[in-house]
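Working notes, structure below.
In the working numbering, the protein residues as written are 69 to 497.
Following this line, the structure appears as structure tokens:
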């Protein structure tokens, strides 16, 4: 599947280098281009987007990377605004329909709103009560878009939820990476549907939803302004602290928690400190698995809310990959990793990368193919770019524009902030 994607990308890359700043679009052309991009973002059907994109051809040849990135950021937000609760908001992912509940403020202000996602707990069928409690504790009823998904509920009712059996490879039961991608799809839908600030997306959870908060932070650290797991186990993420280097984390845990032992939170904090992660542990002395521990939202949310994604394109990236399902590590897309079944304790893939000027150095183990996505804020796209993979030069030259493919990536990831304008497809040797 990815091989066809990488070939298609190579064939779709423009034959000419990126436009220079002296060329570029005029003000009126940028406005016309933005209308087309906005139409593409709103359109959920990929085939219809393809037709809409044809109108953009006369602008893509002239737009500079910086102009393109500005246009996408200015165009990538939804316009749906329905105050209060809306249940059963439907989206498609992996060939199925899924739903979430959303709460929006009573009035829309002038600025885009933060998005807070609660992955959702399989034992809760009426989410409004849980959502009301969180908004009352944090005082966010009028300041955030808040969603709680029904993903775990659906998987549980269908008999497909098997996250706790980490080594399961049972047919039709999604592994943990697949479930994480479903949550990303929910975020993508909300980001295109509602007026969301792409740099203020937060995930939080308590107990089981904290379990998924941890995993989402490990799976897609570049997507979040911060993650906040409360009273959750950490056994599933402790082996991989390097995956959390580029996402702020605020842990809250009670010392008297008999369900999810406090020692796991402490151990994870130590591991994260060891790799230089941005992590805070709020310890609730005598705090059980309920009550006063959860009540700490009153004091910790104001600190979490100050976090914004300020580094869309980190100069250093590192991740352990647990299955071929995970393909994105910030600005690096990978595939071709052998599918040996999901094993939480195995490490079938690993990537590490660094940007120094226009030189990108990568270490890739496991995946056989990759795409290096580039932004004008990462490198100088009007100069040659060199990509070194496992000690050997894999590419050197001018990166070609990839505006349409980059927009499709933004739509798939629900991210109109970390926008790319060029791409370098490579094969790993």
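The beta-carbon is built from N, C-alpha and C at its ideal position, and this holds for glycine as well.
{"Query": "Exposure label - residue 268; buried when at least 16 CB within 10 Å", "Result": "buried"}
{"Query": "Minimum Cβ-Cβ distance from residue 198 to chain C less than 9 Å", "Result": "Reference to chain C is not applicable here, since this structure consists of a single protein chain."}
{"Query": "As assigned by DSSP and simplified to three states, the class of residue 471", "Result": "helix"}
{"Query": "Collapsed DSSP secondary structure at residue 261 in the structure displayed", "Result": "helix"}
{"Query": "Given residue 273 as reference, the closest of 455, 319, 350 and 475 once Cα atoms are compared", "Result": "319"}
{"Query": "Test item: CB-CB of residue 212 and residue 183 under 9 Å", "Result": "yes"}
{"Query": "CB contact flag (residue 261, residue 146, <9 Å)", "Result": "yes"}
{"Query": "Proximity of residue 137 and residue 393 at Cβ, strictly below 9 Å", "Result": "no"}
{"Query": "Burial state of residue 451 (16 or more Cβ within 10 Å)", "Result": "exposed"}
{"Query": "Burial state of residue 481, where buried means 16 or more other Cβ atoms lie within 10 Å", "Result": "buried"}
{"Query": "CB of residue 310 within 9 Å of CB of residue 210, strictly", "Result": "no"}
{"Query": "7 Å Cβ shell around residue 383 - same chain, five flanking residues per side excluded", "Result": "422 and 423"}
{"Query": "The stretch 445-463 contacting the stretch 96-116, beta-carbon criterion three pairs below 8 Å", "Result": "no"}
{"Query": "Within 9 Å, strictly: CB atoms of residue 334 and residue 349", "Result": "yes"}
{"Query": "Backbone secondary structure at residue 180 - three-state DSSP", "Result": "coil"}
{"Query": "Residue span of the alpha helix (DSSP H) that contains residue 196, given as start and end", "Result": "196-206"}
{"Query": "Three-state secondary structure (DSSP) of residue 135", "Result": "helix"}
{"Query": "Same chain, Cβ closer than 8 Å to residue 395, five either side skipped, listed in chain order", "Result": "70, 401, 402 and 403"}
{"Query": "Distance between beta carbons of residue 168 and residue 245, contact taken as under 8 Å", "Result": "The pair is not a contact, with the Cβ atoms about 20 Å apart (cut-off 8 Å)."}
{"Query": "Where the beta strand (DSSP E) containing residue 106 begins and where it ends", "Result": "It is not in any beta strand (DSSP E) - residue 106 instead sits in the alpha helix (DSSP H) that spans 95-110."}
{"Query": "Sub-9 Å separation of residue 171 and residue 215 beta-carbons", "Result": "yes"}
{"Query": "C-alpha gap between residue 305 and residue 297, whole angstroms", "Result": "12 Å"}
{"Query": "Span separating the alpha-carbon of residue 299 from that of residue 326", "Result": "10 Å"}
{"Query": "Local conformation of residue 246 per DSSP, three classes", "Result": "helix"}
{"Query": "Beta strand (DSSP E) segments (min. 3 residues) lying fully within the stretch 311-341", "Result": "317-322"}
{"Query": "Beta-bridge pairing of residue 165 - partner residues as DSSP gives them", "Result": "160"}
{"Query": "For residue 229, the three-state DSSP class (helix, strand or coil)", "Result": "coil"}
{"Query": "Residue 317 beta carbon less than 9 Å from that of residue 346", "Result": "yes"}
{"Query": "Nearest-angstrom beta carbon gap, residue 131 and residue 92 [assumed within contact, 8 Å]", "Result": "7 Å"}
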